[in-house]
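Q: Attaching a single structure in structure tokens format; questions to follow.
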Amino acid sequence: MGQERSQWGSKLGFILAASGSAIGLGNIVFFPANAYKYGAGAFYLPYFIALFVVGMPVMTLELGMGRFTGRAFPATLRQIAGKKGEVAGWFGVLNASMITMYYLTILGWVVGMLRGSLGGLWSPGAVEAFGLPSGALSSAMSYFFNMISRYDTVVFVAVVWLLNMLIVFWGTKSIEAAVKVFVPLMWIFMLVLIVRGLSLDNGGQGVYLLFTPDFSVMKDVEVWRGAFSQIFFTLSLGFGIMTTYSSYLPPESDDISNAGTISFMNSSFEFIAGLAIFSLLFTFAITPKASTLSMMFFVVPEGIAKFPFAVALFGVLFFTLLLFAGLTSSVSLVEAVVSSLLDKFPGASRGRVTLVVTLIGFCGSALFALPTVIDKGLDSNGTLGLSLLDLYDHWVFGYGLMLCGLLECVLTGWFFDLDKLLEHINRTGSLKLGGGFKALIKFVIPAIILIILGSNAVKEITGGLYGHDMSLGGLDFLSPFALVSWLGLTIIGALVLSGRRAADEEAGR
Ligand code: TRP
Numbered sequence: 002m003g004q005e006r007s008q009w010g011s012k013l014g015f016i017l018a019a020s021g022s023a024i025g026l027g028n029i030v031f032f033p034a035n036a037y038k039y040g041a042g043a044f045y046l047p048y049f050i051a052l053f054v055v056g057m058p059v060m061t062l063e064l065g066m067g068r069f070t071g072r073a074f075p076a077t078l079r080q081i082a083g084k085k086g087e088v089a090g091w092f093g094v095l096n097a098s099m100i101t102m103y104y105l106t107i108l109g110w111v112v113g114m115l116r117g118s119l120g121g122l123w124s125p126g127a128v129e130a131f132g133l134p135s136g137a138l139s140s141a142m143s144y145f146f147n148m149i150s151r152y153d154t155v156v157f158v159a160v161v162w163l164l165n166m167l168i169v170f171w172g173t174k175s176i177e178a179a180v181k182v183f184v185p186l187m188w189i190f191m192l193v194l195i196v197r198g199l200s201l202d203n204g205g206q207g208v209y210l211l212f213t214p215d216f217s218v219m220k221d222v223e224v225w226r227g228a229f230s231q232i233f234f235t236l237s238l239g240f241g242i243m244t245t246y247s248s249y250l251p252p253e254s255d256d257i258s259n260a261g262t263i264s265f266m267n268s269s270f271e272f273i274a275g276l277a278i279f280s281l282l283f284t285f286a287i288t289p290k291a292s293t294l295s296m297m298f299f300v301v302p303e304g305i306a307k308f309p310f311a312v313a314l315f316g317v318l319f320f321t322l323l324l325f326a327g328l329t330s331s332v333s334l335v336e337a338v339v340s341s342l343l344d345k346f347p348g349a350s351r352g353r354v355t356l357v358v359t360l361i362g363f364c365g366s367a368l369f370a371l372p373t374v375i376d377k378g379l380d381s382n383g384t385l386g387l388s389l390l391d392l393y394d395h396w397v398f399g400y401g402l403m404l405c406g407l408l409e410c411v412l413t414g415w416f417f418d419l420d421k422l423l424e425h426i427n428r429t430g431s432l433k434l435g436g437g438f439k440a441l442i443k444f445v446i447p448a449i450i451l452i453i454l455g456s457n458a459v460k461e462i463t464g465g466l467y468g469h470d471m472s473l474g475g476l477d478f479l480s481p482f483a484l485v486s487w488l489g490l491t492i493i494g495a496l497v498l499s500g501r502r503a504a505d506e507e508a509g510r
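Numbering-wise (the numbering used here), the sequence shown opens with residue 2 and increments by one.
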């Protein structure tokens with residue numbers, strides 16, 4: 002068999018790594034943007050319901066599974082539900098690799114903006130490539146558009162992939178070393194930003210808005226869909242990330258308390274990020290856009306540009322925060338892919354597998370960063386011209402994530418003796434899980450996910466091919482391609498990967 006599976010050096014290391022995975026761009030920009038879009042204060046109710054009904058149970062399940070089998074996602078699901086389990090596992094891993102690709106492209110842009118915030122970002126300029134005059138856009142916006150219209154952005158993407166590679170290269174050891182530095186720093190930076198935000202003249206008003214509920218939106222399915230997707234994404238669920246991380250835990254670990262700690266840290270971070278960003282924006286009467294990318298690349302920088310002093314310093318702080326938060330999340334995605342491949346090919350060396358994943362991933366990320374795929378209509382349709390990225394995000398995030406969540410619940414709930422897994426979780430768990438938990442995994446969560454997926458699909462069809470606010474400028478024709486390549490690639494990939502060496506494995510058992 003393959004190498005000994007490594008283990009986290011300490012429980013703290015695991016908690017930092019798993020909460021570092023959960024706390025990412027989703028917390029700093031998605032949450033405030035969603036909260037604003039879905040009725041500010043009123044968003045908390047669906048959010049907490051989603052957290053308790055779906056988020057924490059699925060996280061407990063993922064952690065329990067990983068500790069039960071000591072393997073990454075596909076091998077874990079194989080052990081639990083046989084061949085079809087493994088196909089589902091690879092489906093998750095391949096979706097994870099797609100998210101990784103554009104997540105890292107975005108991080109590449111963060112590096113670019115970080116460099117910009119040392120100087121150029123704060124002075125207004127024209128957007129040469131697209132013929133937009135200076136003054137038409139905020140300085141951060143023009144800096145961003147100029148940046149993405151150049152090929153050298155690919156270098157930033159390479160830098161980010163290199164960092165990910167280095168962090169994943171030595172497995173738990175290097176991941177643990179990285180998160181011990183990055184995770185505490187990102188908390189500190191966030192706290193600095195919140196103090197700055199709240200001490201601005203009208204900082205408190207933004208907070209007030211965040212806590213003023215608008216219950217009229219609660220009837221809207223969209224709000225609920227937003228809350229459930231937010232929970233899935235922010236807790237890094239669905240792709241077996243938590244399964245992979247918990248497979249490196251010692252046998253006596255407590256999944257329930259771990260799920261609680263990780264969720265608590267994640268939601269707290271989300272909460273203070275909401276406070277910081279709302280206070281900052283409302284002081285300067287900037288309307289937060291419900292688009293993640295505009296939020297991080299122009300809306301917040303626009304606020305920072307209006308600070309009375311130390312603009313560049315806070316700019317650097319903000320983008321470094323995004324980079325650290327993003328890195329600790331992206332390494333969990335890369336690690337899930339590497340670890341799944343290592344389970345499958347036990348003879349391969351971790352270093353070599355990491356290198357291959359990095360090279361392929363970098364090519365994918367570079368594709369999203371090429372100026373040629375940027376729609377020249379730019380901001381016109383809310384996609385910032387990043388239509389290709391938006392398309393993949395639409396399919397992978399809108400469907401892939403939930404589909405994987407559905408599959409893992411159905412497989413463990415219906416095709417496996419769930420009692421066996423529960424007994425394993427309960428043996429070391431601080432609470433005893435019983436019928437309620439089983440009902441959630443078998444009926445409630447699948448039903449919720451089916452309703453959400455169904456309503457997504459209905460909206461997709463009735464609202465045109467791409468659904469609600471996704472008009473794609475000149476690149477509309479790409480959407481069917483994105484759908485076909487996403488589905489095709491992942492399904493073929495899943496089948497190939499689970500088929501290969503299956504015979505050897507069977508023989509080895
Ligand atoms: N949770 C991270 C965030 O909030 C993103 C992330 C990391 C993720 N790993 C994931 C999302 C796995 C979905 C699945 O930004």
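Glycine is no exception: its CB is placed at the ideal position from the N, C-alpha and C atoms. Since this is a predicted model, take the numbers as computed values, not measurements.
1) Could you check the C-alpha separation between valine 411 and proline 125 for me, to the nearest Å?
2) Specify the secondary structure class of alanine 73 as computed by DSSP and reduced to three states.
3) Could you check the C-alpha separation between leucine 342 and glycine 90 for me, to the nearest Å?
4) Rounded to a whole number of angstroms, what is the C-alpha to C-alpha distance between valine 94 and serine 431?
5) Which residue's Cα is closest to the Cα of isoleucine 239: Leu407, Phe310, Gly65, Gly113?
6) Go ahead and pull the three-state DSSP assignment for proline 58.
7) Does the beta-carbon of alanine 415 have 16 or more other beta-carbons within 10 angstroms, so that it is buried, or is it exposed?
8) For the ligand TRP, is there a heavy atom less than 7 Å away from the beta-carbon of alanine 36?
9) Which class does alanine 41 belong to by DSSP, given the choice of helix, strand or coil?
10) Under 6 Å Cβ to Cβ from serine 381, same chain only, skipping five residues before and after it: list those, please.
11) Provide the residue span of the alpha helix (DSSP H) that contains asparagine 203, from first to last.
12) Taking 7 Å as the cut-off, is the CB of alanine 514 close to at least one heavy atom of the ligand TRP?
13) Round the Cβ separation of phenylalanine 92 and alanine 495 to the nearest angstrom and send it over; I've been treating them as touching at under 8 Å.
14) In whole angstroms, what is the alpha-carbon distance linking phenylalanine 190 and phenylalanine 319?
15) Taking all protein chains shown into account, do 16 or more other C-beta atoms lie within 10 angstroms of the C-beta of tyrosine 467, making it buried, or fewer, making it exposed?
16) Who are the near neighbours of isoleucine 16 in its chain, counting only those whose CB is closer than 8 Å to its CB and skipping five residues on each side?
17) Would you kindly check if the distance between the Cβ of threonine 61 and the Cβ of glutamate 253 is under 8 Å?
18) Which same chain residues end up closer than 6 Å to alanine 504 when comparing Cβ atoms and leaving out the 5 residues on each side of it in sequence?
19) Distance, Cα to Cα, glycine 383 vs glycine 71?
20) From the DSSP output, which residues share a beta bridge with proline 447?
21) Would you kindly check if the distance between the Cβ of tyrosine 103 and the Cβ of phenylalanine 369 is under 8 Å?
22) If you run the structure through DSSP and keep just helix, strand and coil, what is proline 214?
23) Threshold first: 4 residues or longer. Then list the alpha helix (DSSP H) segments lying entirely within the stretch 305 to 361, N to C.
24) If you reduce the DSSP assignment to three classes, tell me which class tyrosine 249 lands in.
25) If you run the structure through DSSP and keep just helix, strand and coil, what is tryptophan 123?
26) Contact defined as beta carbons within less than 8 Å: I believe threonine 244 pairs with alanine 73. What is the distance between those atoms, to the nearest angstrom?
27) Looking at tryptophan 123 and phenylalanine 157, is the spacing between their C-beta atoms short of 8 Å?
28) Can you tell me the Cβ-Cβ gap for alanine 179 and valine 339, rounded? I've got them flagged as a contact below 8 Å.
29) Buried or exposed for glutamate 336, going by 16 or more other Cβ atoms inside 10 Å?
A: So, from the listed chains and residues:
1) 53 Å
2) coil
3) 11 Å
4) 30 Å
5) The sequence given here has glycine at residue 239, not isoleucine. Nearest of Leu407, Phe310, Gly65, Gly113 to glycine 239, Cα basis: Leu407.
6) helix
7) A small correction: the amino acid at residue 415 is tryptophan; alanine does not occupy that position in the sequence shown. Classification of tryptophan 415: exposed, given that the 10 Å Cβ count is below 16.
8) no
9) strand
10) Caution is warranted here: a pLDDT of 46 is assigned to serine 381, below 50, making its placement in the model unreliable, and the coordinate value is therefore given only provisionally. Around serine 381: no qualifying Cβ.
11) Run containing asparagine 203: none; DSSP gives neither H nor E here.
12) Any question about residue 514 goes unanswered here, given that the chain covers just 2 to 510.
13) 5 Å
14) 8 Å
15) Summary for tyrosine 467: the model assigns pLDDT 47, below 50, so the residue's position carries little reliability; its value from the coordinates is reported in the next sentence. Looking at its Cβ environment, which holds 16 or more other Cβ atoms inside 10 Å, tyrosine 467 is buried.
16) Asn259, Thr262, Ile263, Met266
17) no
18) Interpretation of alanine 504 is limited by its pLDDT of 49, a score under 50 that renders its predicted location unreliable; no figure is taken from the coordinates.
19) Residue placement at glycine 383 is flagged as unreliable, the pLDDT there being 48, under the threshold of 50; the coordinate-derived value follows with that caveat. Cα to Cα, the separation comes out at about 43 Å.
20) Answer by DSSP bridge pairing: none, since proline 447 is not bridged.
21) yes
22) strand
23) 312 to 345
24) coil
25) helix
26) 7 Å
27) no
28) Wrong, their Cβ atoms sit about 15 Å apart, outside the cutoff.
29) buried
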